[in-house]
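> Numbering (this note's numbering), first residue to last: 816 to 1247.
All C-beta atoms in this analysis are idealised placements derived from N, C-alpha and C, irrespective of residue type, glycine included.
Mind looking over this structure? Questions follow.
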Ligand code: GDP
Ligand code: IMO
Ligand code: MG
C-alpha cells in the first residue's frame, strides 16, 4: 500500500508542484490535504506554464484521480475558475474530486483576513489575504460551511446566517458590500454547488480503495514545515498543518498507510511574508538569488526574501516529518556564486550557540546564522541529467546536505522544466 507524502521543508515555494508532477507519473491518485489557494504550485511542461492554487499538481496526467481532501479550505470562485482555465487549455479535469467535508472560504473570510492584517499594522503576518486564517478559525469554532452544504439551499442559508451573526461587529466596515448580503451570498454559493456537484465525492474512501488495491497515492502538501501552525515560526505561520503527519487527518487515512515521506528543499532558502529568517541575505547575493531564481510569489506576486540554505532548519524539518527522501530543487540557481555558504548553527545575542532549531520565539527572532563555506561552481548545470554531469563542487554541496540531514537525496532540480531533473545514482524511485 504505497502512500507517499510530499511536503515542503522550508517556508514554502520549494518546488513541490514540480516534484508531485514528476512522481505522479506512476501514482494512481494525488490528494491535497491542507491549505487553500494561499498555495501556488508551478509546473512547466514543454515551455507551457501551469499555476495551481487548489487543483492537485497531478491533474496534467490523464486518468489519475486528483482529490481535494477534507483538510483543504476551498474558495469555490477560485476552484471553478481553475477548472475553466484548465478546460480552455484542453486538460481533462474528469478525475478531479472534491471532498464533501472540505470547508468553504466565504466572502467574509477574505474581508476578515484583510481587516485583521490592517489592524495588526506593523505587526502584520503578511498573509496572502485569501481568507485562509478566518476560514480555519470558523472550522474550529464549528461555524464553518462545508462543500456538502452547497447542495441544500435551506441548510446553506441557515449556516451562513449563523456564521455571520458573531462577526457583525468586525464586518461593520464592509456592511455595504453586496457580497455580504445573505440572499446574494446564498444564491452565489448555490450556483457554485451546482457547478461543482459532479466533482463532489467521499475522497477518503477513494484513498482507501486506491491504497487497498496496491496502487500509489501521493499526498501533496502545500506551504511548508516552518509555516506549520504548531511547529513553525508562530505566529508568522499559516493556519493549517503542512507537516507530513497532517496528511493522515487532511486526507482521511491512517499513519500506517504512509510508506514514504519526501521533503522538498530548495538549494537555498526563501520566505514570503513577515517573520524570522536567520539566514536571510539583504546584500547583492540575496538579489542574485531572487533574480536568477525568479523569486516572486506565485499567488501574490510579492518579492520573496532570499537567503542561504539553513541546515539547522532542514534537520528540524527532517526529524519532524521523519523524511525518508529529499528532493533538492533549484540547484542551477547557485551557478556562479563562489564561495557558497550553508548555515550550520545559530548564535543568540548573548553568545549562546544553537545547533538545533530553537523553540523559543524571541531566540529565533534575534538569532544569527553561522556558516560554513563551500566552493561554488561557474558552469551552467541546467542541461545535467545525471549525477556525473554535475560539477564536483555541486556534488559535494549535495553530499553535505544529505549527510547533515541523514536522508538520501533522490531528485535534484536543475531548471523549472519537468525534464530538468537529475535522478541520483543508484536510487530506484519506489514511488516514481
Ligand atoms: P511550490 O509552491 O513548492 O510548488 O513552488 P512554486 O511553484 O511556488 O515555486 C517554485 C518555482 O521554481 C516555480 O516557478 C518552478 O517552476 C520553479 N522551479 C522548480 N524547480 C526548479 C529548479 O530545479 N530550477 C529552477 N530554476 N526553477 C525551478
Ligand atoms: P506554497 O504551497 C509561501 C505564507 C504567507 C504568510 C503566511 C500566512 O506555494 O508553498 P496565509 O495566507 O496562509 O494566512 O499566510 O504564510 N504562505 C506561503 N508562503 N508559499 C506558500 O504556499 C504560502 N502559503 C502561505 O506569505 O507569510
Ligand atoms: Mg508556491
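My output table needs one value for residue 1023: the three-state DSSP class, helix, strand or coil.
In the structure shown, residue 1023 sits in a helix (DSSP, three-state: H, G or I).
> What does a CB cutoff of less than 6 Å around residue 1139 pick up in its chain, not counting 5 residues either side in sequence?
Excluding residues within five positions, the ones whose Cβ falls inside 6 Å are 1075 and 1076.
> Mark residue 1013 as exposed unless 16 or more other C-beta atoms lie within 10 angstroms of its C-beta, in which case mark it buried.
So residue 1013 counts as exposed.
> Whole angstroms is fine: what's the gap from residue 817's alpha carbon to residue 987's?
Answer to the nearest angstrom: the Cα atoms are 50 Å apart.
> Suppose you measure from the CA of residue 1007 to the CA of residue 993; what does that come to, to the nearest Å?
Roughly 17 Å separates the two Cα atoms.
> Give the range of the beta strand (DSSP E) segment to which residue 835 is assigned.
Per DSSP, residue 835 belongs to no beta strand (DSSP E); it is in the alpha helix (DSSP H), 831-838.
> Taking any heavy atom of the ligand MG as the mark, which residues have a C-beta closer than 5 Å to it, listed down the chain?
Any residue whose Cβ sits closer than 5 Å to a heavy atom of the ligand MG makes the list: 828, 855 and 1113.
> State the Cα-Cα distance for the pair residue 1247 and residue 1031, rounded to the nearest angstrom.
Since pLDDT at residue 1247 reaches only 41, below the 50 mark, its modelled position is unreliable, and the value read off the structure follows with that caveat. When rounded, the distance between both Cα atoms is 9 Å.
> Closer than 7 Å by C-beta to residue 861: which residues in its own chain qualify, once you throw out the five before and the five after it? Chain order, please.
Correct list: empty, nothing qualifies.
> May I ask you to check if the CB of residue 824 is nearer than 7 Å to at least one heavy atom of the ligand GDP?
Not so, every heavy atom of the ligand GDP lies at least 7 Å from the Cβ.
> Just curious, the beta strand (DSSP E) that residue 863 is in, first and last residue?
First-last of the beta strand (DSSP E) with residue 863: 863-867.
> Mark residue 1243 as exposed unless 16 or more other C-beta atoms lie within 10 angstroms of its C-beta, in which case mark it buried.
Reliability fails at residue 1243, whose pLDDT of 49 lies under 50, so the model's placement of it is uncertain and no value is given.
> Helix, strand or coil: how does DSSP classify residue 1311 here?
As displayed, the chain neither begins before 816 nor continues past 1247, which places residue 1311 out of reach and without an answer.
> Report the rounded CA-to-CA distance for residue 858 versus residue 1166, giving the unit in angstroms.
If I take the Cα positions, the gap works out to 44 Å.
> I want to know whether the stretch 873-883 touches the stretch 994-1002 - three or more CB-CB distances under 8 Å.
No: the two stretches stay apart, fewer than three of their Cβ pairs being nearer than 8 Å.
> Beta carbon of residue 1189, beta carbon of residue 1216: below 8 Å?
Not a contact, by the Cβ cut-off of 8 Å.
> Looking at the ligand GDP, does it come within less than 7 Å of residue 1109, judged from the CB to the closest heavy atom?
Yes, the ligand GDP has a heavy atom inside 7 Å of this Cβ.
> Taking the alpha helix (DSSP H) that residue 926 belongs to, which residues open and close that run?
Looking at the DSSP string, the run of the alpha helix (DSSP H) that includes residue 926 is 922-935.
> Would you check if the distance between the CB atom of residue 1063 and the CB atom of residue 1057 is smaller than 8 Å?
For residue 1063 and residue 1057, no; Cβs fall outside 8 Å.
> For residue 1050, which residues from the same chain have a beta carbon less than 7 Å from its beta carbon, with the 5 sequence-adjacent residues on both sides left out?
Cβ neighbours of residue 1050 beyond the five flanking positions: 940.
> Using 8 Å for Cβ pairs, my map puts residue 1192 next to residue 1150. What's the rounded Cβ distance?
Confirmed, Cβ separation roughly 6 Å.
> Expressed to the nearest angstrom, what Euclidean distance is found between the alpha-carbon atoms of residue 1112 and residue 1068?
So the alpha carbons of these two residues sit roughly 31 Å apart.
> Among 1020, 1005, 1079 and 1026, whose alpha-carbon lies nearest the alpha-carbon of residue 1038?
Minimum Cα distance to residue 1038 is reached at 1079.
> If I measure Cβ to Cβ from residue 1186 and keep anything under 7 Å in the same chain, skipping five residues before and after, which residues do I get?
Correct list, in chain order: 1123, 1156, 1157, 1158 and 1159.
> Within the continuous alpha helix (DSSP H) that includes residue 948, where are the two ends?
Per DSSP, residue 948 belongs to the alpha helix (DSSP H) from 947-955.
> Could you work out which residue in 937, 1182, 1200 and 856 is closest to residue 834 when comparing CA atoms only?
Ranking 937, 1182, 1200 and 856 by Cα distance to residue 834 puts 856 first.
> So is the beta-carbon of residue 955 under 7 Å away from any non-hydrogen atom of the ligand IMO?
Incorrect: residue 955 has no Cβ contact closer than 7 Å to the ligand IMO.
> Going by alpha carbons, who is nearest to residue 1086 out of 1055, 1073, 866 and 1047?
The residue with the shortest Cα to Cα distance from residue 1086 is 1047.
> Check whether the stretch 1017-1028 and the stretch 841-856 touch, using three or more Cβ-Cβ pairs below 8 Å as the test.
Result yes; three or more Cβ-Cβ pairs closer than 8 Å.
> Is it right to say residue 984 is buried, meaning 16 or more other beta carbons lie within 10 angstroms of its own, or is it exposed?
Exposed, since its Cβ has fewer than 16 Cβ neighbours within 10 Å.
> At which residues does the alpha helix (DSSP H) containing residue 973 begin and terminate?
Taken as a continuous stretch (DSSP letters only), the alpha helix (DSSP H) holding residue 973 covers 968-979.
> CB of residue 1101 to nearest heavy atom of the ligand IMO: below 7 Å?
Outside the cutoff, so no.
> Could you name the residues that DSSP lists as bridge partners for residue 1032?
Partner(s): 818 and 844.
> On the premise that residue 1230 lies in contact with residue 1147, defined as a C-beta separation below 8 Å, what is that separation, rounded to the nearest angstrom?
Confirmed, Cβ separation roughly 5 Å.
> Pick helix, strand or coil for residue 942, following the three-state DSSP scheme.
If DSSP states are grouped into helix, strand and coil, residue 942 belongs with coil.
> DSSP on residue 1247, reduced to helix/strand/coil?
Note that residue 1247 scores 41 on pLDDT, short of 50, meaning its location in the model is unreliable; the coordinates nonetheless yield the value given after this. Of the three classes helix, strand and coil, the one that applies to residue 1247 here is coil, per DSSP.
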